[in-house]
Each structure stands twice: as structure tokens, then as C-alpha cells.
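Reading the first sequence from the start, the letters are residues 87 to 511 in my numbering. Beta carbons: idealized from backbone N, C-alpha and C, even for Gly. Worksheet: the structure to be examined is printed underneath.
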Amino acid sequence: MAGVARETRRSGAPEARLAARRSPICGAGKRPRMNDLEILTRNAVDVIESTDLKKRLDHAASKGRKLRVKFGMDPSSPDLHVGHAVQLLRLRAMQLAGHQIVLIVGDATAMVGDPSGRNKLRPQLTREEVEKNLVTYQEQAARVLDMSKTEVHRNSEWFDKMRFEDVLRLAGKATVARMLERDTFEKRMEAGEAIGVHEFLYPLMQGWDSVMIRSDVEIGGTDQLFNLLVGRELQEKEGQPPQICLTFPLINGLDGRKMSKSYGNSIGLTESAGEMFGKVMSLGDDVMGAWFRLLTDVPESEVTALLAGHPRTAKARLGEEIASFFHGRDAGRAASEAFDRQFRDRELPSDIPEVTREWPADGVPLAVLLRELGLAPSSSEARRTVEQGGVKLDGEVQRDPKFVVQRPAAPLLIQFGKRKYLRVR
RNA sequence: GGGGAGAUUCCAGAGCGGCCAAAUGGGCCAGACUGUAAAUCUGGUGGUUCUCACCUUCGGCGGUUCGAAUCCGCCUCUCCCCA
């Protein structure tokens, strides 16, 4: 199904730099052709409508007309994670291929709250909260996209100008029956959960965004299909060619649930290489294949071979690929090595922070010390961990939370649980 | 407008006058084991200078009682059925 067309080459300095710096994932530095269906739709679950997409891509390639590719970000939670990366990587491929990426920051829609995948009424955000998240969002998107070539809009640009009359007109473009077809609404109805009337407006707003920016393609997670399709319908009603909808798999979080910052099971795009690597290593063996295919550029034949081999080796490779994409090869490798030293070889990490504190003459009980150093959130928590043998002082397990620690002559090494290390003096 | 059900600790969900800081499962934390921060098994999981005791918590505010998450009143929010 790979598109057969001659390569259209052109040189663009900033693009080249970006490609060089972060080559490993999408297209390994090779810029995809504008109509390379294979690369642009890799991993896609739904492609609506694929013949139309092919046609438009070919047209774009021959006329040199960029397609406008829309991606909406909901600034209601302030962090992007690797789950978003699945889609961002496709956008990046499109961008490298020469298409125009249009990011919509859904500041107006965020005040409604996307009902997708929710079994709960979402709290509506205030303007201030949205503003704050918006800034960090763009910084994070810049980890994957060349923002200098990316168009960014807030949808408040047009929604703020609408009067109630306009809202009614928009609302009139959909029917309740149509809205209720949506699986999340259906499930919530069945489960007897709350559905706010304003939530029906969400898909319409997102769809209206497509009309306003005249998108050719919109990308989203599989849970976005309904919203994307509404965009198509609205565009048709407004006399525009309906956008192509591409959906990509949602990636599960570290614990198998949907990846979300609020579940604490995500890997954020701005996390350190060490953090990323370690979190990947905590994945269950059975999801490695999906992660390889969705988040790395490792060829299928190699993935198959890795999965057939030792899971530990495969997972380490996965972690290294992911950490390398965001932080460079060297950092990725370093993270992998540091992990091996700490967890496989059980050596101490090389970068143990050291703190200095005040010591009363008669010392400090261990549990209190741990809390004061911030290793434990409360002294009860500290006590439990100590009693369970989770705390080592200079390498020795200390099971007595009341053990009094005196001012140490040399910095005292404290190991709290598996991951927290600290030296105090 | 009428009738019914419900709001519990991070989440789901028991409890229905004292034995409740509150079952169980998930998550999380620790330990054992290991190939890893996988899997599995074990323990822990409100706070307090802590095995006792005390303090805060079961939508909100009051009340009944020696004693309430549990009973009563009002309030807020949600769901269902009927109109």
C-alpha cells in the first residue's frame, strides 16, 4: 500500500536540524514524501476515508500544496505524555513530509470538558487554569514538532466571538439521537451517570474548529473518532471538503489502565532520560510489542526478533529507544547503563543528592528524620517503611523507627525504598 | 410537577447505633524471589515522638443518644420512573 511517487526534495535548514537531532523515530532522517501513505498513516486504526486521503495526498504532492493537518490538545490537564506521542509522531512525519500542522489549543472547549472516555462529568475549568496549562503544552509539543513551522490557534479565537444566537445555530446542526449514538454517552446513560447538556456541545465545538481552520486531515486517538466525524459533517454542511479522519491507538499506562497523568501511570514528554527508561522497565512484558510499534522506529523484523528473545533485553532496548528519542542517543544509553548498575548490579546510583541539616544534640528519631528530609510524606509512612525493612543507613537495614540518628561524622547514606537515595550531614 | 434511589477513605464498592480509621478488589508502598521498577508470593496503606492513647475523616449544616458513617430535620448534588 506504499505510495509510489517520486521523491520531492527540498532543503530547509531548521527541518534538517530537527530531523538530525531526533532521527530515531519517524523516518530516520529520511524525509517522507508528501504522499507517502505508508508512513503518514502508520499504526492508524481508522482512516476515513482512505481513497479520498490518497487522492488528496497525490494532489498535494503534484501541486506542492500542503495539506492542513489538525490536532487538538485539551489544555485541561497540564502534561503531555508518551500516549500523546503516538499521534504527535504521526504529525511529525506529516510535518517532515511538508504538510502544514495546525495545533488547536482547546481553551474554549476545555471549559466544557471532553466527554470522551469519561464516565464522569468533568469539572469545568476556569480561564486562568487553562491559560496556565497552555504555555507548558506548547513547550512540550515542541519536543516532537518544529513549532516554528506549526500553526497554533486557540479555539477561543472564534468561540469568544459567538453570540448565543450563533451557539444555537451551531447546536441546531446536530440531533440528540446522533449524540446519543456516541458510545461514551450511551454507556453513561446505561450506568445512570450524569451527562451535562453542555457536553453535547463538545463534539460540535471541536468540529467547528475544523470548519474554522479548513482542515484537510484531523488526527486523534481512537476515542476521538466521534468528534472527528462531527467535524466532517459540519464541514460538509458549510460547503467545505470534509476532513480525512485518522485515529491512532490509545496507549495504556504503566499499570494497564488508560494512560493519564492523574493516574500517575504516565511517562511525560519532559521527564528525564533515567525516569523514562526506568518507567519503561516497569511495563508488563506483554505490552512491549505495542510500544515498540507505536513509539519507536525499530523495523518490524527486528521487533519480532526482540520479542522472541529475552524480555529483559527487549525491554531495555525499548527504554533506550524512547529515552533516546527525547534526550539523544548518549543520554538514552547512559540511562540504560545507570539502570543496570542500580537495579541489576545493585550498585549505588552515581548522582545521590546530599543535604545538610541542623542536628539537635541528642539526635533525631529515624522516622522523624525521614519525614523531615522529605523521603516520607508523614512519619507514619516513614515508620511503616522502616518496620518493613525498606530503609538502609549506610547500607545496613534499620528496622527500628525510633532509632536515634546522631549527627554523622561523614555524610550518612540513607536508602529509602528501592529508589530514593540521599546523603545527609 | 409527582414518586423512588443515592452521595463512604486515591478509585470502585461494603457497612446501616457501639466490636469502624471503616470489609473486599484495584492502585500505591515495602519485602521475598527474579530476567527488570515484569510475573508471582507476603505484608502494609488517614494523622500524631506511634504497638497504648489521642486527633481528623464517611456530601453540608443542625439535632436525637452515654455513644452516629449508621437514626431524625433541613440543605446541596446525582440517578431512575411517571407527567
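6 Å CB neighbourhood of residue i in its chain, flanking five on each side removed
i    : result
R128 : none
L166 : Q226 and L355
D295 : I190 and N241
V316 : P289 and G293
A376 : none
In DSSP terms, what residue i is bridged to
i    : result
L498 : V510
G307 : F334
K344 : N338
I190 : G158 and H239
Span of the beta strand (DSSP E), counted from its first residue to its last, around residue i
i    : result
T390 : Not the beta strand (DSSP E): T390 falls in the alpha helix (DSSP H), residues E386 to A394.
Q326 : Premise fails: Q326 is in no beta strand (DSSP E) and is neither H nor E.
K478 : V477 to L479
Q474 : Careful: Q474 lies outside any beta strand (DSSP E) and carries neither H nor E.
R240 : T236 to R240
Residue i in three-state terms, based on DSSP
i    : result
V491 : strand
I134 : strand
K504 : coil
I111 : Low local confidence applies: a pLDDT of 40 at I111 is under 50, so the model's placement there is unreliable, with the coordinate-based value given in what follows. Of the three classes helix, strand and coil, the one that applies to I111 here is coil, per DSSP.
P289 : helix
G317 : helix
M159 : strand
V230 : coil
R364 : Residue identity check: residue 364 is Gly in the sequence provided, not Arg. Residue state, collapsed to three classes: helix.
H185 : coil
E93  : With a pLDDT of only 32 at E93, under the threshold of 50, the placement of this residue in the model should not be trusted; the figure read from the coordinates follows. If DSSP states are grouped into helix, strand and coil, E93 belongs with coil.
R154 : strand
Residue i versus residue j - alpha carbon distance
i    : j    : result
P327 : E467 : 59 Å
Q186 : M159 : 16 Å
R443 : E458 : 10 Å
V373 : E386 : 15 Å
L266 : R142 : 32 Å
V472 : Q292 : 51 Å
E285 : L175 : 29 Å
F412 : R229 : 7 Å
K206 : I408 : Residue placement at K206 is flagged as unreliable, the pLDDT there being 48, under the threshold of 50; a coordinate-derived value is accordingly withheld.
A194 : G475 : 51 Å
F429 : G360 : 12 Å
I438 : Q501 : 10 Å
A420 : K401 : 15 Å
V303 : T261 : 24 Å
L434 : V510 : 15 Å
A146 : K152 : 6 Å
R107 : Q181 : Unreliable placement is indicated for R107, whose pLDDT of 39 sits below 50; the coordinate value is still reported in the next sentence. For R107 and Q181, the distance between alpha carbons rounds to 15 Å.
S436 : L314 : 48 Å
A391 : G184 : 33 Å
M120 : D132 : 20 Å
E251 : S352 : 41 Å
P335 : I134 : 15 Å
L380 : R403 : 14 Å
G150 : D144 : 9 Å
Contacting residues, own chain, Cβ-Cβ under 8 Å from residue i (five flanking each side not counted)
i    : result
D269 : F312
M233 : Q224 and A227
Spatial neighbours of residue i in its chain, beta-carbon cut-off 7 Å, leaving aside the 5 residues before and after
i    : result
K506 : L461
K259 : L290, L320 and K323
Limits of the unbroken alpha helix (DSSP H) element including residue i
i    : result
E458 : L452 to E458
V373 : No alpha helix (DSSP H) contains V373, which DSSP labels as neither H nor E.
L254 : F250 to A257
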